[in-house]
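Counted the way numbering that gives the first Met the number 0 counts, the sequence shown spans residues 0 to 234. A quick write-up on the structure given underneath.
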Amino acid sequence: MSENRPRLSLTRTIPKPTYYISAIDHEYGKYAFNEERAALFKGLWRSDVFKVNPLTPIDLEFGTGNGYHFSHHALSNPHRCLVGFELKYKPLIQSIRRALHGGAQNARILRYHAHNADLAFAPNEINNVYIHFPDPWERPKKFKNRIVCETFLKRLFELQQWDSFVEFKTDSRSYFLWALDEIAKTPYKIVYQTLDLHQSPYKENNFVTAFEKIFLKKGIPINVCRLVKTKTCKT
Ligand SMILES: C[S@@+](CC[C@H](N)C(=O)[O-])C[C@H]1O[C@@H](n2cnc3c(N)ncnc32)[C@H](O)[C@@H]1O
């Protein structure tokens, strides 16, 4: 064989783990969970993961992005626990790192698909839920990928304790109106809704997320609704 011929790369097909991928199992292994590990704790998040008393609330955030709301919520509610769902490795690690750097001990994050929440949590195991600016999937063929939809909400309803809420914010007016029709097919009650959060009284207690900041700069109104699971809901 000629010495000058380029050598075959024997390692080129081996996936290269980036820092963010390996950090889930190593550096942040105590706080970040991959799909296999997350499912082991269904029904056991309070007792085995957070090691808190059975009455401590556990909130969920779907699609944490870079984690500004995630860390804000964990830090400003030290007596509640928070579990984030995020599919992308980099924002997942950014989210948990931000919370931990702030000193939060009550936050965990899962690399988990929102639609599979019922595989990681048991009925009545969770409290409030935050869904901020989920991907809008604007083309009708892609509506099936939308997180906020009838099937997902009905699953979530089973997982939540009574009097817990779901907060949904989006810049996409068409997604929001479509979602209201989906919500109407579920047992949730709408506590409030507005097509322009920042011109409404709900602005006062609103935390502006990273994506929200971008949309506000562009002058795009933010749609929001809050749903509640109350005993008067028809199941
Ligand atoms: C548009 S960003 C919004 C991030 C953040 N909530 C904010 O308001 O700044 C949506 C995030 O949801 C994540 N995501 C999309 N689909 C998801 C799914 N099915 N389950 C969990 N996370 C998802 C994306 O990776 C992305 O980080």
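In this text, a Cβ means the ideal position worked out from N, Cα and C, and glycines have one as well.
- Between the segment 119-130 and the segment 162-173 there are three or more C-beta pairs closer than 8 Å, enough to call the two in contact.
- For residue 98 and residue 180, the gap between their C-alpha atoms comes out near 35 Å.
- One residue after another in chain order, those with a Cβ under 7 Å from a heavy atom of ligand 1 are 61, 62, 63, 64, 65, 67, 68, 84, 85, 86, 87, 90, 111, 112, 113, 114, 131, 132, 133, 134, 146, 208, 209, 210, 211.
- For residue 222, the secondary structure class from DSSP, reduced to helix, strand or coil, is strand.
- Around residue 195, the same chain offers 220 as residues with beta carbons nearer than 6 Å, after the five sequence neighbours per side are excluded.
- Exposure of residue 4 is indicated by the presence of fewer than 16 other C-beta atoms within 10 angstroms of its C-beta.
- Contact check for residue 161 against residue 87 fails: the beta carbons are separated by 8 Å or more.
- For residue 99, the enclosing alpha helix (DSSP H) starts and ends at 88-100.
- Contact annotation: residue 132 and residue 60 have beta-carbon atoms that are not nearer than 8 Å.
- Short of 6 Å from the beta carbon of residue 30, and not among the five residues preceding or following it, lie these beta carbons of its own chain, in chain order: 95, 107.
- Residue 189 and residue 17 have their C-alpha atoms roughly 42 Å apart.
- Linking residue 142 to residue 184 through their CA atoms gives a straight-line distance of about 16 Å.
- If the five residues before and after residue 198 are omitted, its C-beta is found closer than 8 Å to the C-beta atoms of 220, all from its own chain and listed in chain order.
- Per the C-alpha coordinates, the member of 49, 225, 205, 224 positioned closest to residue 67 is 205.
- By the neighbour-count criterion, in which a residue is buried when 16 or more other Cβ atoms sit within 10 angstroms of its Cβ, residue 139 is exposed.
- Within the same chain, 41, 42, 158 come within 8 Å of residue 121 by CB-CB distance, once the 5 residues on both sides are set aside.
- Here the alpha carbons of residue 55 and residue 208 stand approximately 25 Å from one another.
- The Cβ neighbour count for residue 104, taken over all protein chains shown within 10 Å, is under 16; the residue is labelled exposed.
- For residue 121, the three-state secondary structure derived from DSSP is coil.
- Sorting 214, 213, 218, 226 by C-alpha distance to the C-alpha of residue 178 places 226 at the top.
- The three-state reading of DSSP puts residue 165 in strand, counting E and B together.
- DSSP, read as helix, strand or coil, puts residue 189 in strand.
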